[in-house]
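Below: one structure, written as C-alpha coordinates.
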Amino acid sequence: MLFYTGNEVVIVKNGLRICGSGGALTNAPLLQSKSYFEVKIQQGGIWGIGLAKRDTDLNVAVGGKDSESWVLNSDGIIRHNEQELHKIQNLVQEGDVIVLSYDHIELNFYLNGESMNAPVIGVKGRIYPVLYVDDGAILDLFLENFIYTPPMGFEKIMLEQSLL
40 MLFYTGNEVV IVKNGLRICG SGGALTNAPL LQSKSYFEVK IQQGGIWGIG LAKRDTDLNV
100 AVGGKDSESW VLNSDGIIRH NEQELHKIQN LVQEGDVIVL SYDHIELNFY LNGESMNAPV
160 IGVKGRIYPV LYVDDGAILD LFLENFIYTP PMGFEKIMLE QSLL
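Position 5 of the sequence shown, counting from 1, maps to 44 under the working numbering, and the rest follow consecutively.
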(Lines of atoms letter the chains of each structure in order from A and count residues from 1; the text may use other names and numbers.)
(Lines give C-alpha, C1' and ligand atoms only; values in the text may rest on other atoms or scores of the structure.)
Protein backbone atom coordinates (compact mmCIF):
# COMPACT_ATOMS: atom_id res chain seq x y z
CA MET A 1 0.00 0.00 0.00
CA LEU A 2 1.20 3.53 -0.79
CA PHE A 3 1.93 5.36 2.44
CA TYR A 4 4.68 8.01 2.46
CA THR A 5 3.62 10.81 0.08
CA GLY A 6 4.48 14.22 -1.28
CA ASN A 7 2.35 17.21 -0.22
CA GLU A 8 0.12 17.28 -3.34
CA VAL A 9 -0.44 13.52 -3.74
CA VAL A 10 -3.83 11.83 -3.37
CA ILE A 11 -3.99 8.11 -2.51
CA VAL A 12 -7.28 6.23 -3.02
CA LYS A 13 -8.58 2.67 -3.64
CA ASN A 14 -7.28 1.24 -0.34
CA GLY A 15 -3.85 2.79 -0.82
CA LEU A 16 -3.27 1.35 -4.29
CA ARG A 17 -4.08 4.29 -6.63
CA ILE A 18 -2.07 7.50 -6.87
CA CYS A 19 -3.10 10.79 -8.46
CA GLY A 20 -2.36 14.47 -7.89
CA SER A 21 1.21 15.74 -8.12
CA GLY A 22 4.32 14.19 -6.58
CA GLY A 23 5.51 10.82 -5.39
CA ALA A 24 4.56 8.07 -2.95
CA LEU A 25 6.46 5.19 -1.37
CA THR A 26 4.94 1.95 -0.12
CA ASN A 27 4.60 1.39 3.61
CA ALA A 28 7.18 -1.43 3.57
CA PRO A 29 10.66 -1.79 2.06
CA LEU A 30 11.71 -4.68 -0.16
CA LEU A 31 13.19 -7.19 2.27
CA GLN A 32 13.04 -10.54 0.50
CA SER A 33 15.67 -11.61 -2.01
CA LYS A 34 13.42 -11.40 -5.10
CA SER A 35 10.58 -8.84 -5.22
CA TYR A 36 7.94 -8.25 -7.90
CA PHE A 37 5.15 -5.71 -8.40
CA GLU A 38 3.08 -4.23 -11.23
CA VAL A 39 1.73 -0.78 -12.03
CA LYS A 40 -1.08 -0.05 -14.50
CA ILE A 41 -1.18 3.29 -16.28
CA GLN A 42 -4.88 4.09 -15.71
CA GLN A 43 -4.60 7.59 -17.17
CA GLY A 44 -1.71 9.18 -19.03
CA GLY A 45 0.18 12.30 -18.02
CA ILE A 46 3.57 12.70 -16.40
CA TRP A 47 4.48 9.69 -14.26
CA GLY A 48 7.39 7.67 -12.90
CA ILE A 49 7.70 4.12 -11.54
CA GLY A 50 10.67 2.59 -9.77
CA LEU A 51 12.50 2.16 -6.49
CA ALA A 52 13.67 4.72 -3.94
CA LYS A 53 15.04 5.15 -0.45
CA ARG A 54 12.86 6.64 2.28
CA ASP A 55 14.50 10.08 2.10
CA THR A 56 13.95 10.65 -1.63
CA ASP A 57 12.14 13.86 -2.63
CA LEU A 58 8.43 13.03 -3.02
CA ASN A 59 7.43 16.60 -3.94
CA VAL A 60 8.57 16.25 -7.56
CA ALA A 61 6.79 14.80 -10.59
CA VAL A 62 9.82 13.15 -12.21
CA GLY A 63 11.73 10.44 -10.38
CA GLY A 64 15.43 9.71 -10.55
CA LYS A 65 16.38 13.34 -9.93
CA ASP A 66 18.31 12.47 -6.76
CA SER A 67 20.75 9.81 -5.58
CA GLU A 68 17.93 8.11 -3.66
CA SER A 69 15.73 6.99 -6.60
CA TRP A 70 15.90 4.79 -9.72
CA VAL A 71 12.86 5.48 -11.92
CA LEU A 72 11.36 4.82 -15.37
CA ASN A 73 9.56 8.03 -16.36
CA SER A 74 6.76 8.66 -18.85
CA ASP A 75 9.26 10.15 -21.33
CA GLY A 76 10.78 6.65 -21.67
CA ILE A 77 13.95 7.47 -19.74
CA ILE A 78 15.20 5.55 -16.69
CA ARG A 79 16.92 8.06 -14.40
CA HIS A 80 19.07 7.98 -11.27
CA ASN A 81 20.80 11.00 -9.71
CA GLU A 82 19.79 13.16 -12.73
CA GLN A 83 21.60 10.74 -15.05
CA GLU A 84 19.90 9.01 -17.98
CA LEU A 85 20.61 5.29 -17.52
CA HIS A 86 18.48 3.94 -20.38
CA LYS A 87 16.12 5.22 -23.09
CA ILE A 88 13.22 2.82 -23.70
CA GLN A 89 12.36 2.20 -27.35
CA ASN A 90 8.64 1.41 -26.95
CA LEU A 91 6.85 4.27 -25.23
CA VAL A 92 4.32 3.28 -22.61
CA GLN A 93 0.66 3.99 -23.39
CA GLU A 94 -2.43 4.49 -21.26
CA GLY A 95 -3.69 1.04 -20.18
CA ASP A 96 -0.23 -0.56 -20.29
CA VAL A 97 1.24 -2.42 -17.31
CA ILE A 98 4.78 -1.75 -16.10
CA VAL A 99 6.31 -4.66 -14.19
CA LEU A 100 9.32 -4.37 -11.87
CA SER A 101 11.50 -7.19 -10.58
CA TYR A 102 14.32 -6.59 -8.10
CA ASP A 103 16.76 -9.07 -6.60
CA HIS A 104 19.14 -6.71 -4.69
CA ILE A 105 21.56 -6.97 -7.63
CA GLU A 106 19.47 -5.88 -10.60
CA LEU A 107 16.28 -3.89 -11.16
CA ASN A 108 14.42 -4.87 -14.33
CA PHE A 109 11.45 -3.23 -16.04
CA TYR A 110 8.89 -4.99 -18.24
CA LEU A 111 6.19 -3.56 -20.52
CA ASN A 112 3.06 -5.72 -20.62
CA GLY A 113 5.09 -8.73 -19.50
CA GLU A 114 7.96 -8.28 -22.01
CA SER A 115 11.43 -7.27 -20.80
CA MET A 116 12.51 -3.73 -21.70
CA ASN A 117 16.13 -4.98 -21.74
CA ALA A 118 17.23 -2.06 -19.57
CA PRO A 119 18.66 -3.54 -16.35
CA VAL A 120 19.70 -1.16 -13.58
CA ILE A 121 22.45 -2.25 -11.22
CA GLY A 122 23.77 -0.66 -8.04
CA VAL A 123 20.39 -0.24 -6.32
CA LYS A 124 21.27 -0.90 -2.69
CA GLY A 125 20.04 -0.13 0.80
CA ARG A 126 16.57 -0.04 2.34
CA ILE A 127 14.56 0.28 -0.89
CA TYR A 128 10.83 0.95 -1.41
CA PRO A 129 8.62 0.86 -4.50
CA VAL A 130 7.91 4.45 -5.59
CA LEU A 131 5.33 6.01 -7.93
CA TYR A 132 5.27 9.62 -9.20
CA VAL A 133 2.39 11.44 -10.95
CA ASP A 134 1.55 14.84 -12.43
CA ASP A 135 -0.48 16.41 -15.26
CA GLY A 136 -3.51 14.14 -14.75
CA ALA A 137 -1.68 10.80 -14.53
CA ILE A 138 -3.33 8.03 -12.49
CA LEU A 139 -1.41 4.87 -11.56
CA ASP A 140 -2.67 1.67 -9.93
CA LEU A 141 -0.24 -0.43 -7.88
CA PHE A 142 -0.61 -4.22 -7.88
CA LEU A 143 1.10 -5.94 -4.95
CA GLU A 144 -0.77 -9.24 -5.49
CA ASN A 145 -3.29 -10.76 -7.93
CA PHE A 146 -0.89 -9.93 -10.75
CA ILE A 147 -1.83 -9.51 -14.39
CA TYR A 148 1.43 -11.18 -15.53
CA THR A 149 3.27 -14.19 -14.13
CA PRO A 150 6.37 -13.14 -12.16
CA PRO A 151 9.76 -14.37 -13.45
CA MET A 152 10.99 -17.62 -11.88
CA GLY A 153 11.73 -17.15 -8.17
CA PHE A 154 10.17 -13.69 -7.88
CA GLU A 155 7.15 -13.11 -5.66
CA LYS A 156 4.94 -10.42 -4.19
CA ILE A 157 6.37 -8.02 -1.65
CA MET A 158 6.41 -9.46 1.85
CA LEU A 159 5.44 -6.95 4.50
CA GLU A 160 7.80 -6.47 7.40
CA GLN A 161 6.36 -7.88 10.61
CA SER A 162 6.58 -5.84 13.79
CA LEU A 163 6.36 -7.48 17.20
CA LEU A 164 5.73 -4.22 19.10
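Backbone N, C-alpha and C define an ideal beta-carbon position, used for all residues, glycine too.
None of the values given here were measured: they were computed from a predicted structure.
query, result
"Reduced DSSP category for ILE196 - H, G, I as helix; E, B as strand; rest coil", "coil"
"Buried versus exposed, by CB contacts within 10 Å (16 or more), ILE196", "buried"
"Under 8 Å between C-beta atoms of LEU55 and ASP179", "yes"
"Own chain residues within Cβ distance below 6 Å of GLU123, not counting five before or after", "ILE116"
"Nearest residue (CA-CA) to ARG93, options HIS125, LEU64, LYS163, ASP142", "LEU64"
"Pair within 8 Å by beta-carbon distance, LEU150 and ILE137", "yes"
"Among ILE160, VAL51, TRP109, ASP96, nearest to ILE144 - alpha-carbon criterion", "ILE160"
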